[in-house]
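The structure appears below as structure tokens.
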């Protein structure tokens with residue numbers, strides 16, 4: 009089975025062919041936005057990090073931006089630097105350049121300020137866009153797919169319909185030799201014993217328990233009940249009473265295949281095949297960023313209450329498990345898994361429908377959030393204080 | 003959707019999830035499991051769409067089971083037909099309030 013993708017110089021395969029405009033620090037967002045407004049085919053990877061943070065977090069920000077820049081959906085990259093930030097923009101540019109794709113950088117302070125940097129950035133982005141616009145798609149094996157999965161704005165239908173559909177997709181992709189990555193470590197709490205049993209080796213099982221402990225300790229460190237933070241007020245209104253209940257519904261989306269290992273937040277998928285965990289929180293901006301940083305060409309995202317988010321360089325397919333929400337928010341939802349709840353379709357039937365959509369999206373068809381550029385769900389998960 | 007339906011996921015579950023709107027105290031719902039077994043129960047509270055109904059009596063401090071796993075403990079006596087949610091179910095995880103922080 010094949011799809012039509014952009015084969016990059018490093019052998020990775022993209023489902024999109026975009027110029028990524030990456031601010032190396034929050035202070036460069038305005039210039040990067042102005043460049044993106046002017047040049048067709050650009051996407052801005054705006055975030056709020058990159059300075060006045062402790063060294064481990066600055067490394068984490070640089071590494072995440074490297075992962076985003078290496079995304080196979082980007083054919084070229086323009087880094088926008090202020091000039092005095094804490095991230096290592098030199099290493100950022102050099103590491104992305106190793107993929108063989110064109111990478112350029114501008115420094116706002118060096119160029120003489122905002123308007124001059126915008127002009128220089130537009131000229132460079134225009135040149136990069138023209139350069140990559142002649143690249144074409146070619147048939148590649150489905151095993152080259154890296155699919156990220158997530159659930160958000162969940163309700164009681166998620167664990168019984170939409171996550172079951174993603175579980176079906178996950179098993180199918182793993183069996184076809186592809187890579188599937190799931191995260192949301194917070195939403196393993198109460199279900200970690202089930203995931204640990206699915207570890208490909210005892211060490212993987214132990215690692216799963218370790219990252220859940222780490223996340224739970226972080227949540228407990230403020231001395232309060234986690235409930236309302238997780239599950240969220242929306243989850244609770246939707247009928248989910250505890251993190252344990254939310255987690256047991258959330259892990260359904262990982263299907264049933266063995267878990268090969270745990271990726272750290274900034275880690276990229278290289279020769280990892282099969283089902284993997286990435287250690288991320290559950291909130292959309294941080295997990296979508298972490299997943300795009302893995303090199304995922306696309307994400308499949310399940311919801312019950314109605315989550316509209318997308319990501320600039322990773323199409324996000326929405327699967328809605330609640331039949332009422334689907335009808336109410338049709339413009340944000342790609343697949344109706346609510347028909348499982350009403351008994352009109354089986355998990356397999358909706359699963360095959362979602363798989364067909366996934367193939368079409370890999371080949372270039374847009375998702376609902378992609379077409380309307382619902383792209384603000386981006387930020388980097390840091391651990392320490394802003395100082 | 004005139005059928006008042008609730009779904010039980012696992013054999014050992016003591017709650018089922020209601021997938022019907024406007025369920026009021028005294029109404030009957032049909033609780034189905036994955037094997038096609040069905041049981042009619044009378045609900046004892048108003049229960050919103052997607053929320054849980056007890057399908058067995060659950061004593062105080064006893065485990066509440068869904069997906070065949072513990073999702074919390076009962077903070078009150080729960081009778082078959084009662085709404086089960088944050089008012090009578092306590093989570094046992096992420097409880098910095100019980101541990102006093104670090």
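Protein chains in written order, with the working numbering: chain P, 9 to 395; chain A, 3 to 104.
The beta carbon of each residue, even a glycine, is placed where N, CA and C say it ideally should be.
Keep in mind that this is a model prediction, so the values were computed, not measured.
- Residues in the region 163-192 of chain P with C-beta within 9 Å of chain A's C-beta atoms, listed in sequence order? Shown in chain order are the members of the region 163-192 of chain P whose Cβ falls below 9 Å from a Cβ of chain A: 163, 164, 165, 167, 168.
- Task: Just mark residue 228 of chain P as buried or exposed, buried being the case when its beta carbon has 16 or more other beta carbons within 10 Å.
- Result: For the purposes of this step, residue 228 of chain P is taken as the residue at position 220 of the first chain. Residue 228 of chain P should be labelled buried.
- Report the three-state DSSP secondary structure of residue 3 of chain A (helix, strand or coil). Position 1 of the second chain, counting from 1, holds the residue named residue 3 of chain A. Summary for residue 3 of chain A: the model assigns pLDDT 44, below 50, so the residue's position carries little reliability; its value from the coordinates is reported in the next sentence. Looking at residue 3 of chain A - three-state DSSP - the assignment turns out to be coil, as it is neither helix nor strand.
- Under 8 Å from the C-beta of residue 73 of chain A: neighbouring residues of chain P: Stepping through the second chain from its first residue, residue 73 of chain A is reached at position 71. Per Cβ cutoff of 8 Å: 198, 249, 250, 252, 253, 256.
- Under 8 Å between C-beta atoms, does residue 28 of chain P make it to chain A? To locate residue 28 of chain P, count along the first chain from 1; it is residue 20. Between residue 28 of chain P and chain A, the shortest Cβ-Cβ separation is not below 8 Å.
- Message: Could you check whether residue 255 of chain P and residue 197 of chain P sit closer than 8 Å to each other, using their CB atoms as the reference points?
- Response: In the first chain, counting from the first residue as 1, residue 197 of chain P sits at position 189. In the first chain, counting from the first residue as 1, residue 255 of chain P sits at position 247. A contact, by the Cβ cut-off of 8 Å.
- Message: Can you give me the C-alpha to C-alpha distance between residue 99 of chain P and residue 320 of chain P, rounded to a whole angstrom?
- Response: One-based indexing of the first chain puts residue 99 of chain P at position 91. One-based indexing of the first chain puts residue 320 of chain P at position 312. Cα-Cα distance, rounded: 23 Å.
- Message: Quick check: residue 28 of chain P and residue 21 of chain P, are their CB atoms within less than 8 Å of each other?
- Response: Residue 28 of chain P sits at position 20 when you count from the first residue of the first chain. Residue 21 of chain P sits at position 13 when you count from the first residue of the first chain. The beta carbons of residue 28 of chain P and residue 21 of chain P sit no closer together than 8 Å.
- Task: Would you please verify whether the beta carbon of residue 93 of chain A is less than 8 Å from any beta carbon of chain P?
- Result: Taking the first residue of the second chain as position 1, residue 93 of chain A is located at position 91. For residue 93 of chain A, the closest Cβ of chain P is nearer than 8 Å.
- Give every residue of the same chain whose Cβ lies closer than 7 Å to the Cβ of residue 242 of chain P, excluding the five residues on either side of it in the sequence, and list them in chain order. Along the first chain, read from residue 1 onward, the residue named residue 242 of chain P stands at position 234. Beyond the five residues adjoining it in sequence on each side, residue 242 of chain P comes within less than 7 Å, by CB distance, of 161, 313 in the same chain, given in chain order.
- From the DSSP output, in three-state form, read off residue 352 of chain P for me. The residue given as residue 352 of chain P occupies position 344 in the first chain. Per DSSP, reduced to three states, the secondary structure at residue 352 of chain P is coil, with no helix or strand assignment.
- Item | Under 8 Å (Cβ pairs) to chain A, residues found in the region 289-320 of chain P | Against chain A - using a Cβ distance shorter than 8 Å - the residues of the region 289-320 of chain P are 312.
- In angstroms with no decimal places, state the Cα-to-Cα distance between residue 201 of chain P and residue 221 of chain P. Counting from one through the first chain, the residue named residue 201 of chain P turns up at place 193. Counting from one through the first chain, the residue named residue 221 of chain P turns up at place 213. Cα to Cα, residue 201 of chain P sits roughly 12 Å from residue 221 of chain P.
- Query: Which residues in the same chain as residue 103 of chain P place their Cβ atom closer than 7 Å to its Cβ, once the five residues preceding and following it in sequence are excluded?
  - Reply: Indexing the first chain from 1 puts residue 103 of chain P at position 95. Taken in chain order, the residues that qualify are 74.
- Could one say the Cβ of residue 244 of chain P lies closer than 8 Å to chain A's Cβ atoms, at least one of them? On the first chain, residue 244 of chain P is found 236 positions in, with the first residue counted as 1. Judged by the 8 Å Cβ criterion, residue 244 of chain P is in contact with chain A.
- Task: Check whether the Cβ atoms of residue 31 of chain A and residue 9 of chain A lie closer than 8 Å to each other.
- Result: Looking up residue 31 of chain A in the second chain gives position 29. Looking up residue 9 of chain A in the second chain gives position 7. Here residue 31 of chain A is not near residue 9 of chain A, since their CB atoms are 8 Å or more apart.
- Message: Please classify residue 85 of chain A as buried or exposed, where buried requires at least 16 other C-beta atoms within 10 Å of its C-beta.
- Response: Within the second chain, numbered from 1, the residue matching residue 85 of chain A stands at position 83. Classification for residue 85 of chain A: buried.
- Item | Contact set between residue 31 of chain A and chain P, taken where Cβ atoms lie within less than 9 Å | The residue labelled residue 31 of chain A in the question sits at position 29 within the second chain. None at all; the shortest Cβ gap to chain P is about 14 Å.
- Expected contact under 8 Å - CB spacing of residue 365 of chain P and residue 380 of chain P to nearest Å: One-based indexing of the first chain puts residue 365 of chain P at position 357. One-based indexing of the first chain puts residue 380 of chain P at position 372. In this structure residue 365 of chain P does not touch residue 380 of chain P by the C-beta definition: roughly 17 Å separates them, more than the 8 Å allowed.
- Query: Taking just the CA atoms, how far does residue 93 of chain A sit from residue 75 of chain A?
  - Reply: Position 73 of the second chain, counting from 1, holds the residue named residue 75 of chain A. Position 91 of the second chain, counting from 1, holds the residue named residue 93 of chain A. Cα-Cα distance, rounded: 7 Å.
- Task: Please classify residue 92 of chain P: is it buried, with 16 or more other beta-carbons within 10 angstroms of its beta-carbon, or exposed?
- Result: For the purposes of this step, residue 92 of chain P is identified with residue 84 of the first chain, where counting begins at 1. Taking a 10 Å sphere around the C-beta of residue 92 of chain P, we find fewer than 16 other C-beta atoms and assign the residue as exposed.
- Task: Using a Cβ cut-off of 8 Å, pull out every chain P residue sitting near residue 68 of chain A, in sequence order please.
- Result: Translated into positions along the second chain, residue 68 of chain A becomes position 66. What residue 68 of chain A touches in chain P: 253, 256.
- Item | Proximal residues of chain A, C-beta to C-beta of residue 227 of chain P below 8 Å | For the purposes of this step, residue 227 of chain P is taken as the residue at position 219 of the first chain. Ordered by position in chain A, the residues that pass the 8 Å Cβ test against residue 227 of chain P are 96, 98.
- Around the Cβ of residue 82 of chain P, are there at least 16 other Cβ atoms within 10 angstroms (buried) or fewer (exposed)? Counting from 1 along the first chain, the entry for residue 82 of chain P is found at position 74. It counts as buried.
- Message: Just to confirm my understanding: we take residue 347 of chain P, look at its own chain, exclude 5 residues before and 5 after, and list those with CB closer than 6 Å. What are they?
- Response: Residue mapping note: residue 347 of chain P aligns to position 339 of the first chain, counting from 1. Result list for residue 347 of chain P: 353, in chain order.
- Kindly indicate if chain P contains any beta-carbon less than 8 Å away from that of residue 52 of chain A. The count along the second chain starts at 1 and reaches residue 52 of chain A at position 50. With a threshold of 8 Å between beta carbons, residue 52 of chain A makes contact with chain P.
- is_contact[residue 101 of chain A, chain P] using C-beta, thresh 8 Å: As a working mapping, residue 101 of chain A is identified with position 99 in the second chain. At a cut-off of 8 Å between C-beta atoms, residue 101 of chain A counts as an interface residue with respect to chain P.
- Item | Residues of its chain near residue 3 of chain P, where Cβ-Cβ distance is below 7 Å and the 5 sequence neighbours each way are ignored | Limits of chain P in this structure are 9 at one end and 395 at the other, which puts residue 3 of chain P out of reach.
- Message: Against residue 349 of chain P, what residues of chain A qualify as contacts under a CB-to-CB distance less than 7 Å, listed in chain order?
- Response: Indexing the first chain from 1 puts residue 349 of chain P at position 341. Against chain A, a Cβ distance below 7 Å from residue 349 of chain P picks out 21.
- Message: Here's the rule: buried if 16 or more other CB atoms are within 10 angstroms of the residue's CB, otherwise exposed. What is residue 370 of chain P?
- Response: Here residue 370 of chain P is taken as the residue at index 362 of the first chain, counted from 1. Residue 370 of chain P should be labelled buried.
- Does the region 265-272 of chain P come close enough to the region 207-225 of chain P to have 3 or more Cβ pairs within less than 8 Å? In short, these stretches touch, since the Cβ pair count reaches three.
- DSSP-derived helix/strand/coil call for residue 388 of chain P: Residue mapping note: residue 388 of chain P aligns to position 380 of the first chain, counting from 1. In this structure, DSSP gives residue 388 of chain P a state outside helix and strand, which the three-state scheme calls coil.
- Determine the burial state of residue 339 of chain P: buried for a count of at least 16 other Cβ atoms within 10 Å of its Cβ, exposed for fewer. By 1-based counting over the first chain, the position of residue 339 of chain P is 331. Under this definition residue 339 of chain P is an exposed residue.
- Identify the continuous beta strand (DSSP E) that holds residue 142 of chain P and give its terminal residues. Within the first chain, the letter at position 134 stands for residue 142 of chain P. It is not in any beta strand (DSSP E) - residue 142 of chain P carries neither H nor E in the DSSP assignment.
- Query: From residue 188 of chain P to residue 299 of chain P, what distance separates their C-alpha atoms?
  - Reply: Against the first chain, residue 188 of chain P aligns to sequence position 180. Against the first chain, residue 299 of chain P aligns to sequence position 291. Straight-line Cα distance between these residues: approximately 10 Å.
- Message: Which residue wins for smallest C-alpha separation from residue 58 of chain A, given the options A/80, A/49, A/23, A/69?
- Response: The residue you call residue 58 of chain A lines up with position 56 of the second chain. That would be A/80, whose Cα lies nearest to the Cα of residue 58 of chain A.
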